[in-house]
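Have a look at the structure below, then the notes.
Residue numbers (this note's numbering), protein chains in the order written: chain A, 123 to 462; chain B, 19 to 237.
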């Protein structure tokens, strides 16, 4: 019987910053009972925020039901509701927040607004056992190198323009590639890159600890349109260049902070070539290499759930009247009360 | 020559303290990066080893102290330069009083101004790349990511990096330090350029992924 579970405390977390709507359920001890993701795949072009939000609203009840079923608990068993309050796309965030507010007020339980970037780091720490890592967080919306210092996750390096994942996605779309459920653009580019042999020179733009990908994307797209190079070679060169750039910055953060762990997270963390590069620098600096399992590397509800528990048990709650979404909520603005 | 002593293993290069014809020198060697493809690695190493001494030389001409270059070995990706005995500004900032800190930042701002005035972009302006010697003279080092450019964009990014470096490692007094840097920077370049550079910094910040105000939005 499920009876003894009713003695435990549970948190439900909702993630909806971009193209994924996801619900996670976890015990306060960090046992993840459900992590259901529904991805919105645009018929063409990039993510249209309104269309993605419409998808989220349509699948919300189905995803919630499935999560409860997987976790084997009822809504009445929940102690708190966590949701991604930002940063992200406005319409998508608002849809998730609306579901979260409705649940919290119906059940009469506290609501906890979570920063999406912090959640990526926290789930990474939970899943890999990392305690105090330098984190490289690379996804379609973010490219951040950070490490904890004096109460916050400080940003050591970040993109000055577009995110690394976005750079790969746009290039893939320009090349007429297609993504599917379970095989995002990044995976398609990775597959093609494996067949590439020739390194084509592309702009390598590292500015201090920061990065820039937009010029590189333009250059790669122009070469693509010229049609002089094989797509495989272009994918190979694009990957080698952008990954070398983020690895260089991560290594500098590692040398600077002298931390003993490197954590790779975010959707792009699934890329094997990037993993091998980060592993190489970790070894050179006698640091442990940690990579988040792909289920928890992409945007997922479980990371919001787990961070919600950490925040709530350390005095953080978000009254409904203050639960408006924060589209540009920076990582380093969050006071991380639960670390040290 | 005595065995060179590794004094810093940076991410980009290793620094050795060595004896070179009876002189105490710094040997900066860019080691191959195993994570990069050899061809890409070679390109980056050669470019930076070639560029860095040129920029350091031009910085001197602009009135910004830099270590004197003694030898450049492109093939070995090695630069031999003067050893500056002193303390990193990064360390100093945490040790000195508020008034000393402001004085130091005012001096730094002036030096950055001189670099920019002469079309030099440092590329990695952080307090750890500035050394104060026993006479109080501040040396700028590590021009490996530098460029020769005069565009507002390049100048803005350069200063933005300084601000970011202060925020990430000296967050307690980042604002007062950066304000002092800007105050004296403004005295070197003409008023219009300074205004445009400052506007550019704001624009760069707004361009960032997640900031309070984005490009095109009302103040």
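For every residue, glycine included, the Cβ atom is placed at its ideal position computed from N, Cα and C.
Would residue 315(A) and residue 358(A) qualify as a contact pair, given that the criterion is a beta-carbon distance under 7 Å? yes
For residue 355(A), go through chain B and note every residue whose CB falls closer than 8 Å to its CB, in chain order. Those within 8 Å of residue 355(A) in chain B number zero; the least Cβ separation is about 12 Å.
Let me make sure I understand the geometry here. Which of 273(A), 383(A), 182(A), 286(A) has the alpha-carbon closest to that of residue 259(A)? 286(A)
Neighbour flag for residue 57(B) against chain A, beta carbons, 7 Å: yes
If the cut is a Cβ gap below 7 Å, which residues of chain A does residue 142(B) touch? 330
Among 221(A), 413(A), 289(A), 195(A), which one has its Cα closest to the Cα of residue 248(A)? 413(A)
Determine the contact status of residue 274(A) and residue 159(A), defining contact as a CB-CB distance below 7 Å. no
Through-space distance from residue 214(A) to residue 174(A), alpha-carbon basis: 6 Å
Identify every run of the beta strand (DSSP E) within the region 371 to 433 of chain A, keeping only runs that are complete inside it and at least 3 residues long; order them along the chain. 383 to 387, 410 to 413
Just grab the DSSP bridge partners of residue 157(A) for me. 146(A)
Just to confirm my understanding: we take residue 140(B), look at its own chain, exclude 5 residues before and 5 after, and list those with CB closer than 7 Å. What are they? 133, 158, 161, 164, 176
According to the Cβ coordinates, are residue 211(A) and residue 132(A) closer than 7 Å? no
Compare the C-beta of residue 215(A) with all C-beta atoms of chain B and state if any pair is closer than 7 Å. no
Please report how far the alpha carbon of residue 121(B) lies from the alpha carbon of residue 112(B), in whole angstroms. 14 Å
What first and last residue would you give for the beta strand (DSSP E) that runs through residue 290(B)? No information on residue 290(B) is available, as it lies outside the stretch 19 to 237 that chain B covers here.
Rounded Cβ spacing between residue 208(A) and residue 448(A) (contact assumed at less than 8 Å): 4 Å
Assumed close pair residue 321(A), residue 362(A) - CB separation to whole angstroms, cut-off 8 Å: 6 Å
Are there 16 or more other CB atoms within 10 angstroms of the CB of residue 217(B), so buried, or fewer, so exposed? exposed
Could you list the residues in the region 394 to 415 of chain A with a C-beta less than 7 Å from some C-beta on chain B, going in chain order? 399, 402, 403
Residue 411(A): beta carbon under 6 Å from a heavy atom of the ligand GDP? Although the ligand GDP was asked about, the structure shown includes no ligands whatsoever.
Drop a sphere of 10 angstroms on the beta-carbon of residue 304(A), count the other beta-carbons inside from all chains shown, and report buried for 16 or more, exposed for fewer. exposed
Looking at residue 433(A) and residue 154(A), is the spacing between their C-beta atoms short of 7 Å? no
Cβ closer than 8 Å: which chain A residues qualify as neighbours of residue 97(B)? Here the premise fails: no neighbours, minimum Cβ distance about 19 Å.
Residue 185(B): first and last residue of the uninterrupted alpha helix (DSSP H) it sits in: 170 to 187
Separation of residue 334(A) from residue 323(A), as counted between CA atoms: 16 Å
Helix, strand or coil for residue 95(B) per DSSP? coil
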